[in-house]
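Participant:
In my numbering, the protein residues as written are 40 to 283.
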């Protein structure tokens, strides 16, 4: 499927801003099921300087600076991506029966054990600590010896049923524990809560952001602006390399 994505962010300041530094992550990355064909980033007013780099996780990020007075700032990213069906999961009974405890044990520290780079996704972050509150919320989903994907799906369902989606109930900097305590939030809060639950249980996971493609009612045209940015999580499973 070919998708053209137009992302526009407008800053409308209360007064004149003399200088500003920005960093944006608006360039889609190439993955096993997504190829970036075209991309352009438009910024108005034109910045005095801009630079694009790749971070430690392969994300493209753009830095730019405004060094003259301005009252509004428009950042517009237009991308053309081609998506395909994700590769199917291996049809091996060995990993399908992989329990969540086995994944946890794989990443438990042992002297002289081989280092797995995914272990860094076990650690706390400023907004997502490892905390007993996350463990307690997740425990009902993680029954003993349950296959890890079944347990994670059960946690996803628990978040869906126990928490309320409510726009404007949180801010961009709301900590995950606060969102869990109040029992409501938006997709980024639910993704952060799920991250906290998985990491607190010893399972490595990372935050992913992208776009949610919605479908219009039958017979109705697709409306520009109906789609939205979205957040979800990616769970790492220690599977053997695919020889094919």
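All C-beta atoms, glycine included, are put in the ideal place defined by N, C-alpha and C.
Computed from a prediction, not measured in an experiment: that's the story for all the values here.
With H, G and I counted as helix, E and B as strand and the rest as coil, what does DSSP make of residue 186?
Facilitator: On the chain shown, residue 186 is found 147 positions in, with the first residue counted as 1. The answer is strand: DSSP assigns residue 186 an E or B state.
Participant: Quick check for students: name the residue ranges of the beta strand (DSSP E) that lie wholly in the stretch 55-106, counting only runs of 3 or more.
Facilitator: Entirely contained in the stretch 55-106, the beta strand (DSSP E) runs reaching 3 residues are, in chain order, 59-63, 73-83, 88-93, 99-105.
Participant: Please go through the stretch 143-210 and give each complete alpha helix (DSSP H) segment of 4 or more residues, from N-terminal end onward.
Facilitator: Here the runs fully enclosed are 171-177, 187-201.
Participant: Report yes if the C-beta of residue 119 is less than 7 Å from at least one heavy atom of the ligand ADP; otherwise report no.
Facilitator: No copy of the ligand ADP occurs in the structure displayed, which carries no ligand at all.
Participant: Please work out which residues of its chain come closer than 6 Å, Cβ to Cβ, to residue 228, disregarding the five sequence neighbours upstream and downstream, and give them in chain order.
Facilitator: The residue given as residue 228 occupies position 189 in the chain shown. Excluding residues within five positions, the ones whose Cβ falls inside 6 Å are 209, 218.
Participant: Give the secondary structure of residue 278 by DSSP, where H, G and I count as helix, E and B as strand, and everything else as coil.
Facilitator: On the chain shown, position 239 is the one that residue 278 refers to. Residue state, collapsed to three classes: coil.
Participant: Under 8 Å between the Cβ atoms of residue 137 and residue 79?
Facilitator: As a working note, residue 137 is residue 98 in the chain shown. As a working note, residue 79 is residue 40 in the chain shown. Cβ atoms of residue 137 and residue 79: not closer than 8 Å.
Participant: Nearest to residue 60 by CA position, among 239, 71, 85, is which residue?
Facilitator: The count along the chain shown starts at 1 and reaches residue 60 at position 21. Ranking the options by Cα distance to residue 60, first place goes to 85.
Participant: Do residue 223 and residue 203 have their C-beta atoms within less than 8 Å of each other?
Facilitator: Here residue 223 corresponds to residue number 184 of the chain shown, with the count starting at 1. Here residue 203 corresponds to residue number 164 of the chain shown, with the count starting at 1. Yes, the pair counts as a contact, with Cβ atoms nearer than the cut-off.
Participant: Just how far apart, CA to CA, sit residue 205 and residue 183?
Facilitator: Here the question's residue 205 lines up with position 166 in the chain shown. Here the question's residue 183 lines up with position 144 in the chain shown. Taking the straight line from one Cα to the other gives about 33 Å.
Participant: Under 8 Å Cβ to Cβ from residue 140, same chain only, skipping five residues before and after it: list those, please.
Facilitator: On the chain shown, position 101 is the one that residue 140 refers to. Only 183, 184 meet the Cβ criterion.
Participant: Out of 105, 160, 66, which has the shortest C-alpha to C-alpha gap to residue 57?
Facilitator: As a working note, residue 57 is residue 18 in the chain shown. Checking every option, the nearest Cα to that of residue 57 belongs to 105.
Participant: Quick check on the DSSP output: the alpha helix (DSSP H) that includes residue 239 runs from which residue to which?
Facilitator: Position 200 of the chain shown, counted from the start, is the residue given in the question as residue 239. Unbroken alpha helix (DSSP H) run through residue 239: 226-239.
Participant: Using the Cβ count rule (16 or more neighbours within 10 Å means buried), how would you classify residue 62?
Facilitator: As a first step, residue 62 is located in the chain shown; it is residue number 23 there, counting from the start. Exposed, since its Cβ has fewer than 16 Cβ neighbours within 10 Å.
Participant: At the level of alpha carbons, what is the spacing between residue 175 and residue 189?
Facilitator: Start at 1 with the first residue of the chain shown, and residue 175 comes out as number 136. Start at 1 with the first residue of the chain shown, and residue 189 comes out as number 150. Spanning the two alpha carbons is a distance of roughly 18 Å.
Participant: Going by DSSP, which residues form a beta bridge with residue 43?
Facilitator: Taking the first residue of the chain shown as position 1, residue 43 is located at position 4. In DSSP, residue 43 forms a bridge with 119.
Participant: What does the alpha-carbon distance come out to for the pair residue 49 and residue 150?
Facilitator: The sequence position of residue 49 within the chain shown is 10, counting from 1. The sequence position of residue 150 within the chain shown is 111, counting from 1. One C-alpha to the other measures close to 51 Å.
Participant: Go through its chain and collect everything with a Cβ distance to residue 252's Cβ below 8 Å, but skip five positions before and after it.
Facilitator: Counting from 1 along the chain shown, the entry for residue 252 is found at position 213. If we look at residue 252 and ignore the five residues flanking it on each side, its Cβ neighbours are 42, 266.
Participant: For residue 127 and residue 236, what's the separation of their Cα atoms in angstroms?
Facilitator: In the chain shown, the residue the question calls residue 127 occupies position 88. In the chain shown, the residue the question calls residue 236 occupies position 197. Looking at the two C-alpha atoms, the distance is approximately 26 Å.
Participant: Classify residue 220 as helix, strand or coil using the three-state DSSP reduction.
Facilitator: Numbered from 1 along the chain shown, position 181 holds the residue referred to as residue 220. Correct three-state label for residue 220: helix.
Participant: Can residue 155 and residue 162 be called in contact, C-beta distance under 8 Å?
Facilitator: Translated into positions along the chain shown, residue 155 becomes position 116. Translated into positions along the chain shown, residue 162 becomes position 123. The answer is no: Cβ separation not under 8 Å.
Participant: According to DSSP, is residue 215 helix, strand or coil?
Facilitator: Stepping through the chain shown from its first residue, residue 215 is reached at position 176. If DSSP states are grouped into helix, strand and coil, residue 215 belongs with the helices.
Participant: Express the C-alpha separation of residue 181 and residue 135 in angstroms, rounding to a whole number.
Facilitator: Here residue 135 corresponds to residue number 96 of the chain shown, with the count starting at 1. Here residue 181 corresponds to residue number 142 of the chain shown, with the count starting at 1. So the two alpha carbons sit approximately 16 Å from each other.
Participant: Within a Cβ cutoff of 7 Å, which residues of the same chain sit near residue 274, ignoring the five residues on either side of it in sequence?
Facilitator: The residue labelled residue 274 in the question sits at position 235 within the chain shown. Only 191, 237, 242, 244 meet the Cβ criterion.
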